[in-house]
Amino acid sequence: MSTPSHVLVAGASAAGLATAEALRRKGYTGELTLLGDEPHVPYDRPPLSKQVLAGAWQPDRAHLRTREVLDALDARFVLGDAAVSLDTANRTIHTASGRALRADAIVLATGVRPRTLPGQENLRGVHVLRSLDDALALRADLLRARRLLVVGDGVLGAEIAATARGLGVEVILAGPQSAPLATQLGPLASGLLAELHAENGVKLRLGAGVEALTADGDRVTGARLSTGEVLDAELVVVALGAVPRTDWLEDSGLVLGNGVVCDSRCRAAEGVYAAGDVARWHHERLGSLLRLENRTNATEQALAVAANLLGADQPYTPIPYFWTDQFDAKLQIHGVLTPGAEVTVVEGDPAGRRFVARYERHGKAVGVLGWNMPKQARLHRQQHLTTGGTR
Amino acid sequence: MKITVDEDKCCGAGSCVLAAPEVFDQRDEDGVVLLLEAEPAEHLRPAVREAANVCPAAAISLSEA
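Just so you know, the protein sequences line up as chains A and B, in that order.
Take 1 as the starting number for the first sequence in the UniProt record's numbering and just add one per residue.
Take 1 as the starting number for the second sequence in the UniProt record's numbering and just add one per residue.
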């Protein structure tokens, strides 16, 4: 493909912005448009459930770039207007306000939307946390509440529970797993996380799914578990994962299936690429389709897409990485900690809550987890996880 | 080129060290970025730009003055 003269990026968050910046750094001088459904300039999401929710950061601290840096990008930002359909053949995106944005190449970076429970939309006191506005709304309610119920035992739910405890709120964490993040981390680390939350006063109601929210009129009062138990709370956060925002692409002719399905170059169709949470691409080294919802992937995949847009023709084969901060624990996860992997502590001591564990499958290292040992975890990644690399 | 880092944003991934080991390191105890060279030599600048670009927490800022 020849170099496009106009690149249109749908999505003005981490992946969309990183695509635009990488294009400019690589010498792209053509027209550049970023379309975002939120009115805000691009901001970062990891701080939302931690520093922003806690009130430690003012909201603008989460902005990814200053106004001057954005201006220097020489891109047109169309904000507060959502993409509603894609005409793939004509590479035109139609927006909620009626715009028709046409380009030579399109990057889909529309991210994910939070899952919700039936009836949730009509109840006051129920939150999700995906956007900056979500975080601020939840914080405002938390400052007035005595008891919060977190529905969901994954990364986001556990982080919200920890932050809310830090604000002095009573917290119940409910979810179907045996421990927070059990499927992501395996029994050793998730067991330690369960202990950590319990020690800090989070009431864990694990091993049972939430069946329905309970309400008094239009106000939430808690939730009923599949066991029949009813949990009372003034405030509920639903953190049950997220679904790729591909509904607007139903008529595009692109292959959709748990994301925008792409080849190993992150290409969904001629001149159409996807990056970040919404992209499900063929990872050549793993030999399978993969979709990663993490901050690192948003940037790294954007760099790969920008390179391929300019003719690089490179497969995208990252070593996945994510981190989470909960109470005094900083966890770093490199690679893929597949369920059933053999776990060996290779440095430090879990009893002292400072250690690195290596995860192996069929005798081959697949992941490294650091618990309050970030540098050592990175060194073990370098030593053991050599079969990936993005560049 | 002048580098500034925001320690509060740093998540300790070490991506910067992988990209530019002459310029960045991590503290042993908490993994937070250590800036070895705030004004790196010319030949290190491409690697430093890469380090800033791949930082998962957007904690590294560069000024080209």
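Glycine included, every Cβ here is placed at the ideal spot set by N, Cα and C.
Distance CB(residue i)-CB(residue j) smaller than 8 Å
{"i": "A/A179", "j": "A/A223", "result": "no"}
{"i": "B/C10", "j": "B/A47", "result": "no"}
{"i": "A/L149", "j": "A/L138", "result": "no"}
{"i": "A/G276", "j": "A/A298", "result": "yes"}
{"i": "A/V260", "j": "A/G152", "result": "no"}
{"i": "A/D74", "j": "A/L32", "result": "yes"}
{"i": "A/S85", "j": "A/W323", "result": "no"}
{"i": "A/Q314", "j": "A/A304", "result": "yes"}
{"i": "A/L188", "j": "A/L132", "result": "no"}
{"i": "A/G186", "j": "A/A341", "result": "yes"}
{"i": "A/P320", "j": "B/Q26", "result": "no"}
{"i": "A/R113", "j": "A/V210", "result": "no"}
{"i": "A/T183", "j": "A/A109", "result": "no"}
{"i": "B/F24", "j": "B/V32", "result": "no"}
{"i": "A/V346", "j": "A/V356", "result": "yes"}
{"i": "A/V155", "j": "A/L193", "result": "no"}
{"i": "B/L44", "j": "B/A20", "result": "yes"}
{"i": "A/L290", "j": "A/Y28", "result": "no"}
{"i": "A/L240", "j": "A/R67", "result": "no"}
{"i": "A/R45", "j": "A/R354", "result": "no"}
{"i": "B/L36", "j": "B/E22", "result": "yes"}
Residues of its chain near residue i, where Cβ-Cβ distance is below 6 Å and the 5 sequence neighbours each way are ignored
{"i": "B/E4", "result": "Looking at the sequence shown, residue 4 of chain B is not Glu but Thr. Closer than 6 Å at the Cβ level, and outside the excluded window around B/T4, lie S61."}
{"i": "A/L8", "result": "T33, L101, A103 and I106"}
{"i": "A/S97", "result": "D81"}
{"i": "A/T390", "result": "Note that A/T390 scores 36 on pLDDT, short of 50, meaning its location in the model is unreliable; the coordinates nonetheless yield the value given after this. Contacts found: E300 and P318."}
{"i": "A/T227", "result": "A208"}
{"i": "A/G191", "result": "A179"}
{"i": "A/Y381", "result": "The question names Tyr, but residue 381 of chain A in the sequence shown is Arg. Counting only Cβ-Cβ distances below 6 Å, and skipping sequence neighbours, we find H334 and V368."}
Same chain, Cβ closer than 7 Å to residue i, five either side skipped, listed in chain order
{"i": "A/L213", "result": "L117, G119, Q120, L123, V126, V220, A223 and V236"}
{"i": "A/L136", "result": "P59"}
{"i": "B/A57", "result": "K9, C10 and C11"}
{"i": "B/A38", "result": "K2 and I3"}
{"i": "A/A145", "result": "V169, E234 and L235"}
{"i": "A/E293", "result": "V112, A242 and D277"}
{"i": "A/A161", "result": "V150, V171, L173, H197 and V202"}
{"i": "A/L256", "result": "T246 and L249"}
{"i": "A/T88", "result": "S252, G253, L254, A269 and V272"}
{"i": "A/E195", "result": "none"}
{"i": "A/T92", "result": "A100, L101 and R102"}
{"i": "A/T258", "result": "Thr is not the amino acid found at residue 258 of chain A; the sequence shown has Asn there. P244, R280 and R291, listed in sequence order."}
Bridge-paired residues (DSSP) for residue i
{"i": "A/D232", "result": "A/G222"}
{"i": "A/G348", "result": "A/F355"}
{"i": "A/G166", "result": "Its beta-bridge partners do not exist; DSSP assigns none."}
{"i": "A/P114", "result": "A/A242"}
{"i": "A/I172", "result": "A/L149 and A/K203"}
{"i": "A/A274", "result": "A/L108"}
{"i": "A/L79", "result": "For A/L79, which the question treats as bridged, DSSP gives no partner whatsoever."}
{"i": "A/C262", "result": "A/W281"}
{"i": "A/A215", "result": "A/V220"}
{"i": "A/R102", "result": "A/T92"}
{"i": "A/A269", "result": "A/V272"}
{"i": "residue 434 of chain A", "result": "Because chain A in this structure spans residues 1 to 391, residue 434 of chain A falls outside the shown range and cannot be described."}
{"i": "A/T66", "result": "In the DSSP output, where bridge partners are listed per residue, A/T66 has none listed."}
{"i": "A/R361", "result": "A/K364"}
{"i": "A/W371", "result": "A/L331 and A/F355"}
{"i": "B/T4", "result": "B/S61"}
{"i": "A/L256", "result": "A/V260"}
{"i": "residue 70 of chain B", "result": "Any question about residue 70 of chain B goes unanswered here, given that chain B covers just 1 to 65."}
{"i": "A/R124", "result": "A/R219"}
{"i": "A/D87", "result": "A/T92"}
{"i": "A/S288", "result": "A/H283"}
{"i": "A/V210", "result": "A/L225"}
{"i": "A/V237", "result": "A/H127 and A/V150"}
Close-in-space but distant-in-sequence residues of the same chain around residue i (CB under 8 Å, 5 per side omitted)
{"i": "A/T338", "result": "Y359, R361, V366 and G367"}
{"i": "A/G36", "result": "G11, A12, S13, G16, P42, F77, V78, L79, G80 and D81"}
{"i": "A/A307", "result": "A22, K26 and Q314"}
{"i": "A/C262", "result": "A268, Y273, A274, A279, R280, W281 and H282"}
{"i": "A/L142", "result": "L53, L148, A164, L167, V169 and L235"}
{"i": "A/Q51", "result": "W57, R61 and A62"}
{"i": "B/S15", "result": "A51, V54, C55 and P56"}
{"i": "A/E159", "result": "S49, K50, T324, D325 and Q326"}
Measuring CB atoms only, is the region 197-205 of chain A touching the region 232-251 of chain A, in the sense that at least three cross pairs come out at less than 8 Å? no
May I have a chain-ordered list of the alpha helix (DSSP H) segments no shorter than 4 residues that lie completely inside the region 290-347 of chain A? 295-309
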